[in-house]
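Numbering (the working numbering), first residue to last: 6 to 162.
We put the beta carbon where it would ideally sit given N, CA and C, even for glycine.
Quantities reported herein were computed from a predicted structural model and do not represent experimental measurements.
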């Protein structure tokens, strides 16, 4: 991730691509969201989804996994170039989390983030508030997941 001052509204980053497997879907759901349409193939067939699908929380947690990996990767790239690495966080929250389409076993989701707005808080002159639009899109180009996030990002000293 860049310093707040280096980020431009409209900057978009692909965070990564993830293939959801049946075993992964069931394991996550058994631990965190044990509803039958996430854990049982037969029950899922009889559900509104028609087949086993990932928990929305699984979809969101996977976005976070790829976002953290992106931050680590870009930090390592900056270090390798001898460029300072900004501090990010905390996040005061998110809004408008939507699970737009089910994610089924075998679906390949590409996660992305896009800078939408930058705010300079008067109470924190060394930090900026980045508002980003975050997405997950399946292999058919269908948006399956999105939300708006807010995170504090360090400004250049």
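In terms of alpha-carbon separation, which member of 102, 125 and 146 lies closest to residue 139?
-> The sequence position of residue 139 within the chain shown is 134, counting from 1. Residue 139 has its Cα closest to that of 102, out of 102, 125 and 146.
Pairwise C-alpha distance: residue 143 and residue 131 = By one-based count along the chain shown, residue 131 stands at place 126. By one-based count along the chain shown, residue 143 stands at place 138. When rounded, the distance between both Cα atoms is 38 Å.
Name the DSSP beta bridge partners of residue 150, please?
-> To locate residue 150, count along the chain shown from 1; it is residue 145. Note: residue 150 sits in a beta bridge opposite 104 and 141.
Cα-Cα separation between residue 82 and residue 137, rounded to whole angstroms = Translated into positions along the chain shown, residue 82 becomes position 77. Translated into positions along the chain shown, residue 137 becomes position 132. Approximately 22 Å, taken between the alpha carbons.
Hey, residue 148 and residue 105 are a contact pair by Cβ (cut 8 Å); roughly how many whole angstroms apart?
-> To locate residue 148, count along the chain shown from 1; it is residue 143. To locate residue 105, count along the chain shown from 1; it is residue 100. Indeed they touch by this definition, with Cβ atoms about 6 Å apart.
Taking all protein chains shown into account, do 16 or more other C-beta atoms lie within 10 angstroms of the C-beta of residue 39, making it buried, or fewer, making it exposed?
-> The residue you call residue 39 lines up with position 34 of the chain shown. By the neighbour-count rule (16 or more Cβ atoms within 10 Å), residue 39 is not buried but exposed.
Verify whether the separation of the beta carbon atoms of residue 54 and residue 126 is less than 8 Å.
-> Sequence index remark: in the chain shown, residue 54 carries index 49 (1-based). Sequence index remark: in the chain shown, residue 126 carries index 121 (1-based). The answer is no: Cβ separation not under 8 Å.
Please list, in chain order, all residues of the same chain as residue 16 whose beta carbon is under 6 Å from its beta carbon, the five residues on each side excluded.
-> Walking along the chain shown from the start, residue 16 turns up at place 11. In its chain, beyond the 5 residues on either side, 120 have a beta carbon closer than 6 Å to the beta carbon of residue 16.
For residue 12 versus residue 135, is the C-beta spacing smaller than 8 Å?
-> Counting from one through the chain shown, the residue named residue 12 turns up at place 7. Counting from one through the chain shown, the residue named residue 135 turns up at place 130. Inclusion of residue 12 and residue 135 in the CB contact set at 8 Å is warranted, their separation being smaller than that value.
Residue 114 and residue 63: beta carbons closer than 8 Å?
-> Counting from 1 along the chain shown, the entry for residue 114 is found at position 109. Counting from 1 along the chain shown, the entry for residue 63 is found at position 58. Taking 8 Å as the Cβ cut-off, residue 114 and residue 63 do not qualify as a contacting pair.
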